[in-house]
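What follows is a set of notes on a single structure, which appears directly below.
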Amino acid sequence: MPTAHPDPATTPGPVDPTTSAPTGPTDPAGATDPTQPTPRSSASPYAESGAVLRHSRTEDVFGLLTGAFIASLGLSLLQAVDAVTGGTAGLALLLSYATPVPFGILFFAVNLPFFLLAVRAKGWAFTLRSAAAVALAAALASLHPFGRLADGAGLALDPVYAIVTGNLLAGVGLLILFRHRASLGGFNILALTLQERLGWSAGLVQMGLDVAVVLLALTVVAPVTVLLSAAGAVVLSLVLVLNHKPGRYLGT
Numbered sequence: 001m002p003t004a005h006p007d008p009a010t011t012p013g014p015v016d017p018t019t020s021a022p023t024g025p026t027d028p029a030g031a032t033d034p035t036q037p038t039p040r041s042s043a044s045p046y047a048e049s050g051a052v053l054r055h056s057r058t059e060d061v062f063g064l065l066t067g068a069f070i071a072s073l074g075l076s077l078l079q080a081v082d083a084v085t086g087g088t089a090g091l092a093l094l095l096s097y098a099t100p101v102p103f104g105i106l107f108f109a110v111n112l113p114f115f116l117l118a119v120r121a122k123g124w125a126f127t128l129r130s131a132a133a134v135a136l137a138a139a140l141a142s143l144h145p146f147g148r149l150a151d152g153a154g155l156a157l158d159p160v161y162a163i164v165t166g167n168l169l170a171g172v173g174l175l176i177l178f179r180h181r182a183s184l185g186g187f188n189i190l191a192l193t194l195q196e197r198l199g200w201s202a203g204l205v206q207m208g209l210d211v212a213v214v215l216l217a218l219t220v221v222a223p224v225t226v227l228l229s230a231a232g233a234v235v236l237s238l239v240l241v242l243n244h245k246p247g248r249y250l251g252t
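Quick note on numbering: the sequence shown equals residues 1 to 252 in the numbering used here.
And the structure:
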């Protein structure tokens with residue numbers, strides 16, 4: 001009687017002693033078929049272990065410098081067209097239009113009360129990083145030449161471009177600072193505190209406070225500029241709402 005030979009295509013492969021299951025189809029010699037896919041885990045090793053990678057001190061320093069520079073660039077564009085935005089930056093811009101005090105000094109002074117809140121709600125590390133970011137942004141804002149170029153060369157920045165671009169830059173700068181556990185003080189600190197304690201979106205909280213500040217601009221700035229500024233503040237808030245949500249970023 002002839003001996004039946006098993007079909008190599010249907011012969012189970014060698015058993016993995018750790019799983020007691022075949023590793024895959026084999027050829028007649030018993031080797032694993034290289035054409036068959038090898039199962040892989042889709043989970044990140046950091047997700048499996050629950051580990052969170054923190055930014056190093058060097059990364060935090062560079063992040064603070066980068067975020068403050070980009071935000072100051074946006075604020076300088078707004079100042080060049082007499083526009084405003086929300087938060088303490090908007091208050092400082094308004095005061096700089098109404099008084100001879102430079103924007104940088106006003107920006108830091110307006111934030112001082114909120115630093116006290118930050119110490120109690122967020123701790124000294126966050127507060128010191130935020131104070132450093134505010135000081136950097138205040139100092140760097142005076143270095144950007146938009147206003148001087150416009151006045152000296154007779155150039156005119158388009159208000160729509162300046163306001164939209166300025167708020168986009170300010171929003172990106174804030175995102176960088178948020179991800180390095182810092183902020184630009186003021187309403188940002190309050191918004192982040194409410195997000196962590198109550199689960200409220202930092203962007204939505206910021207948006208509500210910004211509306212109140214922009215409305216105050218009607219006492220100092222032309223109505224058309226205020227309207228454009230309000231649209232710009234919405235742009236800034238949308239940048240935060242769409243890109244900064246709890247639990248989505250592990251490096252903070």
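We put the CB at the ideal spot given by N, CA and C, even for glycine.
Same chain, Cβ closer than 6 Å to L218, five either side skipped, listed in chain order: V226.
Can you list, in chain order, the stretches of the alpha helix (DSSP H) that have 4 or more residues and sit fully within the region 204-250? With a minimum length of 4 residues, the continuous alpha helix (DSSP H) runs that stay inside the region 204-250 are 223-243.
Just verifying my parser: in three-state terms, what is the DSSP assignment at L175? Helix at L175.
Separation of L228 from A139, as counted between CA atoms: Going from the Cα of A139 to the Cα of L228 covers about 26 Å.
I need the DSSP call for W266, collapsed to helix, strand or coil. Nothing can be reported for residue 266: it is not among the residues displayed for the chain, which extend from 1 to 252.
Residues near V241 by beta carbon distance below 7 Å, same chain, minus five either side: The answer, listed in chain order, is S201, G203 and L204.
To the nearest angstrom, report how far apart A222 and R57 are at their CA atoms. Put simply, the backbone Cα of A222 is about 44 Å away from that of R57.
Looking at G186: is its Cβ nearer than 8 Å to the Cβ of F114? Going by C-beta atoms, G186 is nearer than 8 Å to F114.
Segment contact flag, the region 160-180 with the region 64-82, C-beta cutoff 8 Å, min 3 pairs: Enough Cβ pairs lie closer than 8 Å, so yes.
Can you tell me which of the three DSSP states T85 falls into? Coil at T85, not helix or strand.
State the CB to CB distance for the pair P102 and S72, rounded to an integer number of angstroms; the pair is presumed to be in contact (CB under 8 Å). Between S72 and P102 the Cβ distance is about 13 Å, and since that is not below 8 Å, they are no contact.
My output table needs one value for D60: the three-state DSSP class, helix, strand or coil. If DSSP states are grouped into helix, strand and coil, D60 belongs with the helices.
Alpha carbon to alpha carbon, what distance is there between L198 and A89? Between A89 and L198, the alpha-carbon positions lie close to 25 Å from each other.
Residues of its chain near L230, where Cβ-Cβ distance is below 6 Å and the 5 sequence neighbours each way are ignored: Here residue 230 is Ala; the residue named in the question, Leu, does not match the sequence. So the qualifying residues of the chain are V214.
Which ranges does the alpha helix (DSSP H) cover as unbroken runs of at least 4 residues, wholly within the region 80-135, from first to last along the chain? Correct list: 87-98 and 103-122.
Given S41, which residues of its chain have a CB within under 6 Å of its CB, disregarding the five upstream and five downstream residues? With a pLDDT of only 47 at S41, under 50, the local geometry of the prediction cannot be trusted, and the value read off the model is given with reservation. Closer than 6 Å at the Cβ level, and outside the excluded window around S41, lies no residue.
What's the call for A233, buried or exposed, on a 16-neighbour Cβ count within 10 Å? Label assigned to A233: buried.
Between which residues of its own chain and V119 is the CB-CB distance below 6 Å, once the five residues before and five after are set aside? For V119, where only same-chain residues beyond five positions count, the Cβ hits under 6 Å are T127.
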